[in-house]
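Structure record follows, encoded as structure tokens.
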Amino acid sequence: LKHTPTAGEIAVVAFLFQLSKFGYSFPLSDSVFAHIDDISTPGFYTDTGPLDFTGLMRHFNKHGVYSYTGSLTTTTCTENVPWYISTEPIPLNVQTYNAVKKVVKFNARYTQNTLGKDNLLEVSASRLE
1 LKHTPTAGEI
11 AVVAFLFQLS
21 KFGYSFPLSD
31 SVFAHIDDIS
41 TPGFYTDTGP
51 LDFTGLMRHF
61 NKHGVYSYTG
71 SLTTTTCTEN
81 VPWYISTEPI
91 PLNVQTYNAV
101 KKVVKFNARY
111 TQNTLGKDNL
121 LEVSASRLE
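Read in order, the letters of the sequence shown are residues 1 to 129 in the UniProt record's numbering.
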């Protein structure tokens, strides 16, 4: 979840997912992904309808929070962004995870080195030659 207030400042509030052994998902996850099958191709979208963040905020306030200053993981890759990550993952059932993965596919940024240092993938690839 990325929030950009009118002043242009950015903060990221993040929640990790843990696949549920018992088929349970967090209620907001069910609402967000209820129509994921309507998206046949990445880049398309569907309407979720109103979303209730009350349970998510309750979860965030109940558990600890990791915080650090980092960068956005998508374009524009803005730096010096405060990140707040809940220490307790929220459950996601396997069926929902598979439906999301079918649309999103691989969606992670490769590990980067310290700013100004050589790119880790380039360093690794050069050692294979």
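Each residue gets a CB set at the ideal place from its N, CA and C atoms; glycine is no exception.
Predicted model, so just to flag it, every value in this text is computed and none were measured.
*Residue range of the alpha helix (DSSP H) that L121 falls in?*
L121 -> alpha helix (DSSP H) spans L120 to L128.
*Fully enclosed by the UniProt domain "Alpha-carbonic anhydrase" (1-129), which alpha helix (DSSP H) runs are 4 residues long or longer?*
The UniProt domain "Alpha-carbonic anhydrase" (1-129) contains these whole alpha helix (DSSP H) runs: 27-33, 54-62, 94-104 and 120-128.
_Inter-residue spacing [alpha-carbon to alpha-carbon] between residue 130 and A108_ = Beyond the ends of the chain as shown, which are 1 and 129, falls residue 130; an answer cannot be given.
*Quick one: is N93 buried, meaning 16 or more other Cβ sit within 10 Å of its Cβ, or exposed?*
When all chains shown are included, N93 counts as buried.
*Leaving out the 5 sequence neighbours to the left and right, which residues in its chain are closer than 7 Å to G64 when beta-carbon positions are compared?*
T87, listed in sequence order.
*asked:* Give me the residue from F15, H35 and A11 with the minimum Cα distance to V103.
replied: Out of F15, H35 and A11, H35 has the C-alpha closest to the C-alpha of V103.
*Less than 8 Å separating the beta-carbons of A11 and Y84?*
A contact, by the Cβ cut-off of 8 Å.
*Should T96 be labelled buried (16 or more other beta-carbon atoms within 10 Å of its own) or exposed?*
Flag for T96 reads buried.
_Using a Cβ-Cβ cutoff of less than 6 Å, which residues in the same chain neighbour A14 once the five nearest sequence positions on both sides are dropped?_
Excluding sequence neighbours, A14 sits near I85.
*Whether P91 touches G55 by CB criterion (8 Å)*: Contact flag unset, no.
*Just checking my contact of residue 206 with F33 at CB under 8 Å: how many whole Å lie between their CB atoms?*
Because residue 206 is not part of the residues shown, which for the chain are 1 to 129, the question remains open.
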